[in-house]
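*Asks:* The following block contains the structure, expressed as structure tokens.
Chains as they are written, first to last, in the working numbering: chain U, 1 to 215; chain F, 1 to 215.
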């Protein structure tokens with residue numbers, strides 16, 4: 001059965017999944033890049049994001065790599081796709097990732113503002129879904145052709161899927177950083193009451209990795 | 001200079017320092033004991049709490065042990081001293097720890113309800129302070145005779161001291177457990193804005209240990 005998975009989603013020690021004041025210059029919010037040091041050091045991210053041959057193997061890389069295994073489609077909240085808010089002023093914004101994005105599969109972007117699909121190089125097509133999270137998941141599952149669907153975030157979108165118990169498995173990394181404010185991943189979410197439990201716990205010098213699974 | 005230190009204070013993955021519904025049967029709240037598995041497994045806790053000779057050494061024990069080094073006095077919130085709320089109905093409640101508590105130094109209990117000091121066996125005296133956190137710290141420092149003061153908690157008391165930047169150093173353990181509700185340690189606290197940073201980060205299979213220090 002195709003799963004809905006969150007992978008490599010990183011929070012700070014004080015629980016924030018992104019820093020405050022997200023904009024074009026700070027796609028992860030102010031201070032948010034400190035969260036991702038563990039990931040950026042991995043061979044997997046060096047390859048996927050920068051096409052480089054460097055990066056480290058080991059526990060962090062194992063977790064980074066599992067995030068790309070058996071993924072047939074992605075779902076992203078609109079703020080992860082870009083800094084534009086409200087109705088699309090034009091078609092110019094084509095994502096943070098250039099003409100050949102890291103996904104290489106169909107990506108379903110949740111938004112309140114319709115837009116034609118964007119066919120990018122390398123197999124990525126951005127589809128803009130205005131009919132809500134359930135339909136986005138249906139379309140993503142169909143597009144994934146039996147593989148899993150990866151939910152990229154952000155915090156608000158993950159919370160919406162958690163509240164409906166639609167997420168099967170969630171890998172969360174806890175980075176040794178403090179953000180102080182921003183969006184807290186587990187704010188107002190009672191995971192045990194929703195039937196989730198921590199099923200894996202391993203740590204490297206750069207991050208603590210946990211897997212939270214629906215029981 | 002005598003420091004004010006928080007030690008071995010454990011939070012869940014979702015950020016809670018104690019579970020909900022704290023009472024006589026659940027001094028750490030429902031589910032709260034899962035937080036402390038790392039500590040209970042250590043040689044230090046086995047000795048200090050149960051007088052036993054068992055328990056493990058290693059990273060968890062190193063962190064448990066440092067919490068007792070150079071401590072000349074403690075400060076506790078009233079709810080950590082016991083489940084009694086409001087005015088003391090009588091003098092019968094003498095703490096969770098029996099006649100020879102684990103402290104062996106003066107302990108200053110923050111409360112709104114005056115009570116005569118309680119002299120226990122083994123060097124522990126509970127002093128009840130109704131004049132607020134700053135005076136409690138002054139009295140604890142004086143009693144500590146040059147050693148440090150350890151702040152035991154709970155969450156609300158730690159937050160009060162953090163907001164006034166009175167805590168020098170805070171060892172927080174993050175346990176691979178989910179509580180879902182309760183008291184969140186960093187709720188409404190902007191640590192970077194208060195001048196705190198993460199200065200140490202190490203993990204064992206049972207917990208991630210971080211030290212957060214005032215800069």
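From the three backbone atoms N, C-alpha and C, an ideal C-beta is built for every residue, glycine too.
Just the chain F side, please: which residues come within less than 7 angstroms of residue 14 of chain U by C-beta, in chain order?
*Replies:* Correct list: 186, 191.
*Asks:* Could you tell me the alpha carbon to alpha carbon distance between residue 196 of chain F and residue 70 of chain U, rounded to whole angstroms?
*Replies:* Going by the C-alpha atoms only, they are around 41 angstroms apart.
*Asks:* Would you mind reading off the limits of the beta strand (DSSP E) that contains residue 202 of chain F?
*Replies:* First-last of the beta strand (DSSP E) with residue 202 of chain F: 196–203.
*Asks:* Check the Cβ of residue 196 of chain U against every Cβ in chain F and list those closer than 8 angstroms, keeping chain order.
*Replies:* The answer, in chain order, is 178.
*Asks:* In the DSSP assignment, the alpha helix (DSSP H) including residue 170 of chain U goes from what residue to what residue?
*Replies:* Premise fails: residue 170 of chain U lies in the beta strand (DSSP E), 169–174, not in any alpha helix (DSSP H).
*Asks:* Spell out whether any CB of chain U is found under 8 angstroms from the CB atom of residue 208 of chain F.
*Replies:* For residue 208 of chain F, the answer is yes, since a Cβ of chain U falls inside 8 angstroms of its Cβ.
*Asks:* How should residue 83 of chain U be labelled, buried or exposed, when 16 other C-beta atoms within 10 angstroms of its C-beta is the threshold for buried?
*Replies:* By the neighbour-count rule (16 or more Cβ atoms within 10 Å), residue 83 of chain U is not buried but exposed.
*Asks:* Among residues of its own chain, excluding the 5 on either side of residue 210 of chain F, which ones have a beta-carbon nearer than 6 angstroms to its beta-carbon?
*Replies:* Only 172, 198, 201 meet the Cβ criterion.
*Asks:* Using only the alpha-carbon positions, how far apart do residue 124 of chain F and residue 189 of chain U sit?
*Replies:* Roughly 41 angstroms between the two C-alpha positions.
*Asks:* Give the range of the alpha helix (DSSP H) segment to which residue 157 of chain F is assigned.
*Replies:* Note, residue 157 of chain F: alpha helix (DSSP H), 155–163.
*Asks:* Is there a Cβ of chain F sitting closer than 8 angstroms to that of residue 201 of chain U, yes or no?
*Replies:* So yes, residue 201 of chain U belongs to the interface.
*Asks:* Return the chain-ordered list of same chain residues with a C-beta closer than 7 angstroms to the C-beta of residue 159 of chain F, the five sequence neighbours on each side being excluded.
*Replies:* Correct list, in chain order: 189.
*Asks:* According to DSSP, residue 106 of chain U sits in a beta bridge with which residue or residues?
*Replies:* According to DSSP, residue 106 of chain U bridges with U:125.
*Asks:* In whole angstroms, what separates the C-alpha of residue 51 of chain F from that of residue 44 of chain F?
*Replies:* In a straight line, the C-alpha of residue 51 of chain F is about 10 angstroms away from that of residue 44 of chain F.
*Asks:* List the DSSP bridge partners of residue 73 of chain F.
*Replies:* Note: residue 73 of chain F sits in a beta bridge opposite F:149.
*Asks:* Strictly below 9 angstroms CB to CB, what residues from chain U border residue 213 of chain F?
*Replies:* Those do not exist, as residue 213 of chain F stays about 11 angstroms from chain U at its closest Cβ, beyond 9 angstroms.
*Asks:* For a contact defined as C-beta to C-beta under 9 angstroms, what are the partners of residue 181 of chain F on chain U?
*Replies:* In chain order: 190, 192, 193.
*Asks:* For residue 81 of chain F, which three-state DSSP category applies?
*Replies:* Three-state result, residue 81 of chain F: helix.
*Asks:* Indicate whether at least one CB of chain U lies closer than 8 angstroms to the CB of residue 174 of chain F.
*Replies:* For residue 174 of chain F, the answer is yes, since a Cβ of chain U falls inside 8 angstroms of its Cβ.
*Asks:* Output needed for residue 104 of chain U: all residues of its chain with C-beta closer than 7 angstroms, excluding positions within five of it in sequence on either side, in chain order.
*Replies:* Excluding sequence neighbours, residue 104 of chain U sits near 122, 123, 124.
*Asks:* Are three or more beta carbon pairs between the stretch 8–20 of chain U and the stretch 168–182 of chain U nearer than 8 angstroms?
*Replies:* Verdict: yes, contact present.
*Asks:* Pick from F:214, F:206, F:212, F:215: whose alpha carbon is nearest that of residue 34 of chain F?
*Replies:* If we check each option's Cα against that of residue 34 of chain F, F:206 comes out closest.
*Asks:* On the DSSP letters alone, give me the boundaries of the beta strand (DSSP E) that residue 189 of chain F sits inside.
*Replies:* Looking at the DSSP string, residue 189 of chain F is not in any beta strand (DSSP E), and its letter there is neither H nor E.
*Asks:* Determine the direct distance from the alpha carbon of residue 203 of chain U to that of residue 46 of chain F, and round the result to whole angstroms.
*Replies:* Near 25 angstroms, if we compare the C-alpha coordinates of residue 203 of chain U and residue 46 of chain F.
*Asks:* Can you pull the DSSP bridge partners for residue 45 of chain U?
*Replies:* The partner list for residue 45 of chain U (beta bridge, DSSP) is empty, contrary to what the question assumes.
*Asks:* To the nearest angstrom, report how far apart residue 216 of chain F and residue 163 of chain F are at their CA atoms.
*Replies:* Outside the shown range of chain F, which is 1 to 215, sits residue 216 of chain F, and nothing can be said about it.
*Asks:* Just how far apart, CA to CA, sit residue 148 of chain U and residue 183 of chain F?
*Replies:* Approximately 35 angstroms, taken between the alpha carbons.
*Asks:* Given residue 17 of chain F, which residues of its chain have a CB within under 6 angstroms of its CB, disregarding the five upstream and five downstream residues?
*Replies:* 11, 155, 183, 185, listed in sequence order.
*Asks:* Which residue from F:74, F:191, F:130, F:132 puts its Cα closest to that of residue 31 of chain U?
*Replies:* Answer by Cα proximity: F:191.
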